[in-house]
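Asks: So that we are looking at the same thing, I have put the structure below in structure tokens.
Residue numbers (the working numbering), protein chains in the order written: chain B, 1 to 273; chain U, 274 to 382.
This is how it looks when you write it as structure tokens:
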């Protein structure tokens with residue numbers, strides 16, 4: 001019997017590609033369980049489960065609402081390993097590894113009338129892109145999606161890698177504002193592994209986000225700050241799905257929408273539906 | 274009743290100040306320990322600060338958009354007199370009592 005609180009015990013793992021991705025995954029069990037499926041949280045680029053979800057109050061808000069939570073750090077982020085090979089960072093490989101990890105933690109396909117089956121997913125930024133694709137490919141598993149700070153464009157695919165490498169080599173300013181901002185994010189925290197983050201960008205360029213290619217068929221909540229430039233094209237995502245709702249958070253941008261109480265309340269209410 | 278003031282805590286990473294995004298409590302509210310108090314943003318990230326204390330909110334410092342330095346007052350609570358000494362006042366000095374162990378200390382002592 002699992003007690004409430006944080007769990008990080010090692011489980012016997014299965015591997016998708018024959019190598020253990022060594023992703024840092026944790027489950028947080030509520031004191032009073034609402035009897036609903038777990039919520040998987042996917043953090044953004046150059047962030048971590050701790051920064052994106054713990055320090056911002058999401059874990060306690062979801063646990064207080066009776067939701068069991070699963071967090072995972074993306075490769076090269078937080079407590080996860082930072083492999084040398086590019087393949088470990090491709091979005092398809094990350095999605096496959098996450099599918100295996102949640103399956104190993106007892107997540108089962110949706111079954112009509114059983115609210116404990118399936119999985120809800122909340123993503124932010126890059127995590128929303130992964131959640132969109134995960135939902136689109138795992139129709140039997142995903143109940144609802146909450147996608148924060150997401151747009152129809154792919155900032156990683158548009159990232160100017162040569163300019164970033166030039167800047168890191170000799171300080172030549174980066175002309176592209178989005179590239180400069182992403183690199184600044186990557187360099188902001190001393191704990192970030194810059195080599196891994198650039199590997200992730202390189203790998204994401206191999207599989208750019210094409211939301212129209214596969215559209216999730218479950219209800220989704222699209223939510224972002226009204227000053228979030230990276231989510232300026234959120235409406236393009238909404239236009240692809242008749243099951244989408246959009247919420248704008250007044251006065252919030254891509255960085256500070258994450259803590260918003262209105263965001264948390266909207267997500268918790270939406271996922272309970 | 275006594276008042277206890279809490280400063281903006283050290284947010285790590287060498288950060289010296291934070292901007293208030295939104296207060297989640299107001300003067301007059303009764304709050305529990307660990308209840309979310311306020312959202313603040315630093316140059317690195319946005320965080321939600323949980324309450325270090327149960328009590329009634331007397332004052333909050335910093336309007337949304339305003340800046341608070343680490344160590345400056347953030348919030349003031351009203352608590353029963355007998356609990357204030359735990360964190361808010363200098364404890365009364367008592368004669369030191371000698372502690373004698375009668376059994377082996379537990380491992381986590």
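Note that CB positions come from ideal geometry on N, CA and C, so glycine has one too. Keep in mind the model is a prediction, meaning the values are calculated, not measured.
Considering Cα atoms alone, identify which of U:311, U:306, U:302 and U:339 is closest to residue 325 of chain U.
Replies: U:306
Asks: Under three-state DSSP, which class holds residue 26 of chain B?
Replies: DSSP places residue 26 of chain B in strand when its eight states are reduced to three.
Asks: Check residue 309 of chain U in the structure and name its three-state DSSP category.
Replies: strand
Asks: As an exercise, report each continuous alpha helix (DSSP H) stretch of at least 4 residues that is fully enclosed by the stretch 133-220 of chain B, in chain order.
Replies: Entirely contained in the stretch 133-220 of chain B, the alpha helix (DSSP H) runs reaching 4 residues are, in chain order, 161-170, 177-188 and 194-206.
Asks: Would you call the stretch 148-157 of chain B and the stretch 223-242 of chain B touching, i.e. three or more CB-CB distances under 8 Å?
Replies: yes
Asks: Is the Cβ of residue 318 of chain U closer than 8 Å to any Cβ of chain B?
Replies: yes
Asks: Beta-carbon of residue 361 of chain U versus every beta-carbon of chain B: anything under 8 Å?
Replies: Here the model assigns residue 361 of chain U a pLDDT of 48, short of 50, so the residue's position is not dependable and the matter cannot be decided.
Asks: Compute the Euclidean distance between the alpha carbons of residue 361 of chain U and residue 219 of chain B, then round it to the nearest angstrom.
Replies: Caution is warranted here: a pLDDT of 48 is assigned to residue 361 of chain U, below 50, making its placement in the model unreliable, and the coordinate value is therefore given only provisionally. Roughly 50 Å between the two C-alpha positions.
Asks: Taking 8 Å as the threshold (C-beta atoms), are residue 249 of chain B and residue 225 of chain B in contact?
Replies: yes
Asks: Which residue comes first and which comes last in the alpha helix (DSSP H) that contains residue 344 of chain U?
Replies: Residue 344 of chain U -> no alpha helix (DSSP H), and no H or E assigned at all.
Asks: So, does the CB of residue 290 of chain U fall closer than 8 Å to a CB anywhere in chain B?
Replies: no
Asks: Looking only at DSSP bridge pairs, what is residue 329 of chain U linked to?
Replies: U:303 and U:351
Asks: Looking only at C-alpha atoms, which of B:107, B:166, B:50 and B:264 sits nearest to residue 179 of chain B?
Replies: B:166
Asks: For residue 340 of chain U, tell me which candidate among U:329, U:301, U:351 and U:312 has the shortest Cα-Cα distance.
Replies: Nearest to residue 340 of chain U by C-alpha distance, out of U:329, U:301, U:351 and U:312, is U:312.
Asks: Short of 7 Å Cβ to Cβ, which residues in the stretch 55-87 of chain B face chain U?
Replies: Answer set for the stretch 55-87 of chain B: 55, 56 and 57.
Asks: Pick helix, strand or coil for residue 108 of chain B, following the three-state DSSP scheme.
Replies: coil
Asks: Just to confirm, is the Cβ distance from residue 330 of chain U to residue 301 of chain U under 8 Å?
Replies: yes
Asks: Please name the residue in B:82, B:58 and B:78 whose C-alpha comes closest to that of residue 25 of chain B.
Replies: B:78
Asks: Can you say whether residue 355 of chain U is buried or exposed, counting buried as having 16 or more other CB atoms within 10 angstroms of its CB?
Replies: exposed
Asks: Along chain B, in chain order, which residues have C-beta atoms closer than 7 Å to that of residue 297 of chain U?
Replies: 261
Asks: Output yes or no for whether 8 Å exceeds the beta carbon distance between residue 281 of chain B and residue 134 of chain B.
Replies: In the structure displayed, chain B extends from 1 to 273; residue 281 of chain B sits before or after that span and is not available.
Asks: To the nearest angstrom, how far is the alpha carbon of residue 158 of chain B from that of residue 61 of chain B?
Replies: 34 Å
Asks: Residue 332 of chain U to residue 303 of chain U, Cα distance in whole Å?
Replies: If I take the Cα positions, the gap works out to 12 Å.
Asks: How many whole angstroms separate the CB atoms of residue 130 of chain B and residue 91 of chain B, which I take to be in contact at a CB cut-off of 8 Å?
Replies: A Cβ-Cβ distance of about 6 Å is found for the pair residue 130 of chain B and residue 91 of chain B, placing them in contact under the 8 Å criterion.
Asks: Any idea if residue 128 of chain B is buried or exposed, counting beta-carbon neighbours within 10 angstroms, 16 or more meaning buried?
Replies: It is buried - the Cβ of residue 128 of chain B has at least 16 other Cβ atoms within 10 Å.
Asks: Kindly indicate which three-state DSSP category residue 230 of chain B falls into: helix, strand or coil?
Replies: helix
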